[in-house]
Amino acid sequence: MSSNYNGVFKQIMVLISALVGALLVGALFLLLAKSDPVKAYGVMFSGPFSDKFGITETLVRAVPLLLVGLGIVISFRSGIINIGAEGQILAGAIGATAVATSLPDLPAVMLLPLVFLAGATCGGLWGGIAGWLKARLSVNEILSTVMLNQIALQIYLFLIRGPLIDPKEVSYGTGVPQTALIPEHIWLSKLIPGTRIHSGLIFALLLAVLVYVFLWKTSSGYRMRAVGAGPEAARYAGIRVEWYLVLAMALAGGMAGLAGVVEVAGVHHRSLEGLSAGYGFSGIVAALFGRLHPLGTIPASVLFGALLVGADMMQRAVNIPAAMIMVIQGLVVLFVVSSDYFLQNPDFGARIKAKLFGEKADGEGGK
Amino acid sequence: MGEKIEHLEMRGITKRFPGVLSNNKVNIQLKTGEVLAILGENGAGKTTLMNILYGLYQPDAGKILLNGKSVRINSPSEAIELGIGMVHQHFMLVPTLTVCENVILGLSKNFFMDLKTAAKRIKEITDTYGLAINPDAYVWQLSVGEQQRVEIVKALYRGANLLILDEPTAVLTPQEANDLIQLLKNMSEKGNSIILISHKLNEVMAVSDRVTVLRDGEVCADVNTRETSQEELARLMVGRDMAPCRREGAFSPGKPVLELQDVFARGDKGTDALAGVSLRIREGEILGIAGVSGNGQKELAEVIAGLRKTSRGKIVLNGKESTQMSPSRIIEQGLGYIPEDRIHVGTIPSFSIWENLILKDHHQPPFTKHFLLQNRTIMSHSSSQVEKYGIKTPTLETPTGRLSGGNIQRVVLAREITRKPVALVAAYPTRGLDIGATEYLHSKLLEARSNGIGVLLISEDLEELTNVCDRIAVLYEGRIMKVIPVEEADERILGLLMAGIAEEAQVQA
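If you read the protein sequences in the order shown, they are chains F and R.
Using this note's numbering, you'd call the opening residue of the first sequence number 105 and step up by one each time.
Using this note's numbering, you'd call the opening residue of the second sequence number 52 and step up by one each time.
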């Protein structure tokens with residue numbers, strides 16, 4: 105709740121400082137990799153915004169990041185930490201593909217909602233497992249979601265190599281592990297012809313507004329935030345904490361599942377290897393960078409989409425591994441999470457100043 | 052450890068928080084062997100001042116002089132190095148560690164901890180001052196009173212010779228409070244200095260040498276204890292004359308609203324915390340539960356609220372059996388509950404005032420229609436509550452955790468009473484509150500009584516119990532020792548019952 109602009113401005117400044125800090129440390133790694141950080145960052149930041157291709161590609165990446173990020177916002181706000189979006193994306197993607205390829209003759213008005221529903225349900229169930237384990241058996245959700253990622257990945261690979269493999273791959277004998285194309289009439293329409301940007305962007309933006317309304321304007325959203333912010337008080341007020349933990353994980357999984365659907369219906373038009381592409385983890389970063397606010401996650405997703413595209417371009421221009429972007433992302437997480445400390449301890453700045461310049465107490469420690 | 056503190060002075064301390072001037076040019080002084088009481092209502096700035104001395108906050112202006120030298124205290128560890136120890140109002144203990152581990156937490160310079168030597172030293176300290184505490188017990192198993200003793204041991208163990216105690220007796224029985232006062236006297240005689248934050252005037256009179264009174268962040272008096280009186284201090288602190296709140300009007304209870312029949316329940320330690328409790332609370336009556344904390348009070352309140360399962364027995368609320376009901380059904384059935392932990396159970400600290408005011412009714416009309424929160428209704432409801440219950444807050448959006456203890460309790464009280472409960476359970480509702488807030492709470496409980504609500508008041512403050520209750524039940528080791536009408540209850544008999552001595556009390560009665 106933004107009660108005063110001063111606070112929001114301060115938050116933005118702290119976030120920007122965190123980003124700059126992460127990039128400065130990242131520059132050290134670039135130097136270690138024997139490349140010119142100025143040139144590398146130059147390409148990375150100008151590339152995504154310099155032409156139509158860069159901009160649209162940034163948005164293409166931003167869509168799954170935003171969807172995953174929205175799920176992260178819901179789960180973190182409800183006090184449960186979801187590291188399982190990678191698996192939930194795959195569950196959503198394969199569920200959507202299976203429905204789409206097995207009912208190719210349904211008209212788009214029926215098939216498309218059905219595909220979205222299937223993807224959200226599969227992702228939601230996959231996330232719900234971790235929620236249920238936490239609520240019923242107090243299994244740490246960080247462990248269970250990470251493990252469920254592995255299980256989802258292996259099941260997914262099995263399905264696209266075996267039962268769901270494209271019959272053409274079998275008959276041609278090429279055997280590329282991917283499913284058949286989904287029917288063309290449910291491909292998400294292109295927003296700009298000749299690019300990959302699709303109508304999934306609009307869907308994700310609408311969903312961000314919906315999540316905001318849900319969390320802050322509805323009684324269920326209130327309950328979920330109450331469970332996250334004060335589980336004991338929530339229980340005291342008669343809220344069924346366990347049930348809302350499961351629901352939060354199911355919704356988070358559903359959002360990630362939708363990211364999978366959008367990748368299938370909007371970008372790849374089938375399920376194939378490497379579909380989740382790390383969005384499940386980058387989405388967490390985007391959500392944290394967006395201060396766990398659905399609307400804040402929108403610009404954060406675009407920013408991280410740009411970082412991903414910029415990294416690809418940087419790789420080509422200055423010949424350094426794109427994995428570098430993973431390093432920078434990791435640094436951003438560390439810096440953003442640390443920056444919370446500055447926001448919550450206004451005294452901290454004063455104390456640093458005192459440490460550096462002020463006179464010190466006599467019995468000062470450290471023998 | 053630094054040199055011994057012979058003289059402490061805080062000069063011109065000013066501290067500003069967003070929207071509040073918490074300390075305004077505050078001066079205090081303290082010599083070795085002296086007990087200084089800092090008196091003031093909640094929000095007067097006592098705790099802020101002490102947090103500055105303990106290095107938790109930095110003052111915006113002013114300085115701290117130790118033995119005449121200006122010092123800068125940047126953190127609690129620096130304060131401890133200087134010989135300043137603090138026992139907070141809200142304990143700073145790790146529940147999953149033992150007493151011994153908590154005491155030496157952060158002290159060990161070696162990789163391996165020498166728990167045996169530590170336990171021995173703890174035993175020396177506890178023996179010297181008569182603080183009964185088992186070094187091997189886990190902190191989560193301890194009652195609030197016992198946890199406080201751990202905090203005191205912790206400060207002593209660190210060699211503090213200036214001890215700050217923030218509302219120390221608020222959680223103790225009368226006997227324990229007397230012991231603590233004796234302990235504080237011993238300590239000051241042995242050359243330690245003590246700063247006591249309190250609003251209990253009789254204690255301040257009993258133990259302190261000097262009193263500094265704070266009001267609205269400023270020092271309004273600095274007097275020698277011998278030259279003042281309770282009445283004068285009360286007037287200085289509140290800024291007007293005070294009269295204690297007392298039960299008035301005839302005692303004419305109606306039909307029973309809450310009944311417990313032979314109720315058993317397990318505590319966190321796995322043993323029977325409640326071992327056959329039977330009680331009956333009627334309309335328009337206040338039943339007090341006296342007892343040393345840790346004798347089943349917490350479990351009693353939780354069992355009634357449905358937050359803890361009974362292992363045997365039956366609870367009837369408003370004419371229906373509620374033993375197996377969910378917490379939300381029990382709320383619907385008409386139970387109001389002011390929990391012991393008002394900060395983390397009674398409210399959600401990061402939630403705003405308005406969000407906390409609708410904690411129990413957020414899902415019902417008029418606050419929610421078609422799943423949507425009705426902002427305008429909620430806001431007008433909240434601002435009228437803030438006004439009616441005198442909740443001091445900058446805005447309705449302010450997180451409740453930023454309010455003082457008394458104001459947080461007003462939020463809880465406003466919510467629970469406005470819901471028009473049939474029965475109201477209040478667990479230690481005035482613990483840590485100042486005179487003004489306590490008086491207000493008592494008046495509201497009495498108002499509830501005259502509106503026909505059956506109130507169960509759990510408290511350790513015998514004065515409070517005898518002032519507002521109609522009957523008093525004494526809880527000892529999970530059993531009701533006796534239920535006595537307030538006219539027959541005096542401090543001595545209650546004290547004996549609280550110590551588990553039933554027969555003697557009966558003989559005396």
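Backbone N, C-alpha and C define an ideal beta-carbon position, used for all residues, glycine too.
Note that the structure is predicted; figures quoted are calculated from it, not measured.
Task: F68 of chain R - DSSP class collapsed to helix/strand/coil - done: Three-state DSSP puts F68 of chain R in a strand.
Open item on the list: Helix, strand or coil, according to DSSP, for V77 of chain R in the structure here?
Closed with: Reduced to three states, the DSSP call for V77 of chain R is strand.
Open item on the list: Considering just the uninterrupted stretch of the alpha helix (DSSP H) at M256 of chain R, what are its terminal residues?
Closed with: First-last of the alpha helix (DSSP H) with M256 of chain R: 252–258.
- [ ] Note down, in chain order, every chain F residue with its Cβ under 7 Å from the Cβ of H414 of chain R.
- [x] Per Cβ cutoff of 7 Å: S323.
Open item on the list: On a Cα-Cα basis, can you pick out the residue from F:A284, F:W236, F:G199 that is closest to Y260 of chain F?
Closed with: Minimum Cα-Cα distance from Y260 of chain F among the listed residues F:A284, F:W236, F:G199 corresponds to F:G199.
Task: Outcome for P472 of chain R when other beta-carbon atoms lying within 10 angstroms are tallied against a minimum of 16 - done: It counts as buried.
Task: Interface residues of the stretch 332–346 of chain F facing chain R [CB-CB below 7 Å] - done: Those residues of the stretch 332–346 of chain F that come within reach of chain R (Cβ to Cβ, closer than 7 Å) are A333, G334, E336, A337, R339, Y340, A341, G342.
TODO: Please say whether V270 of chain R and I389 of chain R have beta carbons closer to each other than 7 Å?
DONE: The Cβ atoms of I389 of chain R and V270 of chain R lie no closer than 7 Å to each other.
Task: Stretch pair the stretch 384–399 of chain R + the stretch 472–482 of chain R: three plus CB contacts closer than 8 Å - done: Touching, yes.
- [ ] With DSSP collapsed to three states, give me the class of P307 of chain R.
- [x] Here P307 of chain R sits in strand by DSSP.
Open item on the list: Any C-beta of chain R within less than 7 Å: which residues of the stretch 306–330 of chain F qualify?
Closed with: If the cut-off is 7 Å between Cβ atoms, the stretch 306–330 of chain F has K321, T322, S323, S324, Y326, A330 near chain R.
TODO: Using a Cβ-Cβ cut-off of less than 9 Å, list which residues of the stretch 358–389 of chain R approach chain F; keep chain order.
DONE: Listed in chain order, the positions of the stretch 358–389 of chain R with a beta carbon within less than 9 Å of a beta carbon of chain F are L358, S377, P378, S379, R380, I381, I382, E383, Y388.
Open item on the list: Let me confirm a value: N244 of chain F is counted as buried when at least 16 other C-beta atoms fall within 10 Å, else exposed. Which label applies?
Closed with: Looking at its Cβ environment, which holds fewer than 16 other Cβ atoms inside 10 Å, N244 of chain F is exposed.
Task: Between the CA atoms of D217 of chain R and P146 of chain R - distance to the nearest angstrom - done: Each residue's alpha carbon lies about 20 Å from the other.
- [ ] Output the distance between the C-alpha atoms of I4 of chain R and N407 of chain R, rounded to the nearest integer angstrom.
- [x] Residue 4 of chain R lies beyond the residue range present for chain R, which begins at 52 and ends at 560; the question has no answer from this structure.
Open item on the list: For V219 of chain F and T201 of chain F, I'd like the C-alpha separation in whole angstroms.
Closed with: Looking at the two C-alpha atoms, the distance is approximately 8 Å.
Open item on the list: Can you tell me whether K471 of chain F is helix, strand or coil according to DSSP?
Closed with: Caution is warranted here: a pLDDT of 31 is assigned to K471 of chain F, below 50, making its placement in the model unreliable, and no coordinate value can be reported.
Task: Residue burial classification, F153 of chain F (beta-carbon count within 10 angstroms, cutoff 16) - done: By the neighbour-count rule (16 or more Cβ atoms within 10 Å), F153 of chain F is not buried but exposed.
TODO: Mind checking the stretch 400–411 of chain R against chain F and listing, in chain order, the residues whose C-beta falls within less than 9 Å of any C-beta there?
DONE: Listed in sequence order: P400, S401, F402, S403, E406, N407, I409, L410, K411.
Open item on the list: Beta-carbon within less than 8 Å of I155 of chain R's beta-carbon, same chain only, minus the 5 sequence neighbours each way: which residues are those?
Closed with: Apart from the 5 residues on each side of it in sequence, I155 of chain R sits with its Cβ closer than 8 Å to the Cβ of M164, L166, A169, Y208 in its chain, given in chain order.
TODO: Would you grab the beta carbon distance between F62 of chain R and G113 of chain R for me? Rounded to a whole angstrom, and I think it's under 8 Å.
DONE: The question names Phe, but residue 62 of chain R is Arg in the sequence shown. With 8 Å as the limit, R62 of chain R and G113 of chain R qualify as a contact, their Cβ atoms being about 6 Å apart.
Open item on the list: Quick check on the burial criterion: 16 or more other C-beta atoms within 10 angstroms. Buried or exposed for G441 of chain R?
Closed with: G441 of chain R comes out exposed.
Task: Euclidean distance between Cα positions of G551 of chain R and N518 of chain R - done: Rounded to the nearest angstrom, the two C-alpha atoms are 23 Å apart.
TODO: Give a yes or no on whether the minimum CB-CB distance between H58 of chain R and chain F is below 7 Å.
DONE: It does not: the Cβ of H58 of chain R has no partner Cβ on chain F nearer than 7 Å.
TODO: Assign E542 of chain R to buried or exposed, taking buried as 16 or more other Cβ atoms, counted over all protein chains shown, within 10 Å of its Cβ.
DONE: Residue burial annotation: E542 of chain R is exposed, with fewer than 16 other C-beta atoms found within 10 angstroms of its C-beta.
Open item on the list: Tell me which residues of the stretch 427–453 of chain R have at least one Cβ-Cβ distance to chain F shorter than 9 Å, keeping chain order.
Closed with: Hits within the stretch, in order: T446, E448, T449.
- [ ] Kindly list, in the order they appear in chain F, the residues whose Cβ is closer than 7 Å to that of H395 of chain R.
- [x] The CB of H395 of chain R comes closer than 7 Å to the CB of G334, E336, A337 in chain F, given here in chain order.
Task: Where the alpha helix (DSSP H) through A272 of chain R begins and ends - done: DSSP places A272 of chain R outside any alpha helix (DSSP H); the residue lies instead in the beta strand (DSSP E), whose first and last residues are 269–275.
Task: CA-to-CA distance, L351 of chain F to R344 of chain F, given in whole angstroms - done: Spanning the two alpha carbons is a distance of roughly 11 Å.
TODO: Would you give the residue range spanned by the beta strand (DSSP E) that Y527 of chain R belongs to?
DONE: For Y527 of chain R, the enclosing beta strand (DSSP E) has its first and last residue at 522–527.
Task: CB contact flag (T225 of chain F, I286 of chain F, <7 Å) - done: Going by C-beta atoms, T225 of chain F is not nearer than 7 Å to I286 of chain F.
Open item on the list: Run through chain F and tell me which residues come within less than 9 Å of F142 of chain R, C-beta to C-beta.
Closed with: Per Cβ cutoff of 9 Å: no residues; F142 of chain R is ~16 Å from chain F at best.
- [ ] Could you have a look at D319 of chain R and say whether DSSP puts it in helix, strand or coil?
- [x] D319 of chain R falls in the coil class under three-state DSSP.
Task: Listed by chain order, chain F residues near F422 of chain R by CB distance under 7 Å - done: Ordered by position in chain F, the residues that pass the 7 Å Cβ test against F422 of chain R are T322, S323, S324.
Open item on the list: Give me the residue from R:A316, R:P417, R:I340, R:P307 with the minimum Cα distance to G503 of chain R.
Closed with: Across the set R:A316, R:P417, R:I340, R:P307, the C-alpha of R:P307 shows the shortest separation from the C-alpha of G503 of chain R.
TODO: Per DSSP, which residues does Y105 of chain R bridge with? Please list them.
DONE: Per DSSP, none; premise fails for Y105 of chain R.
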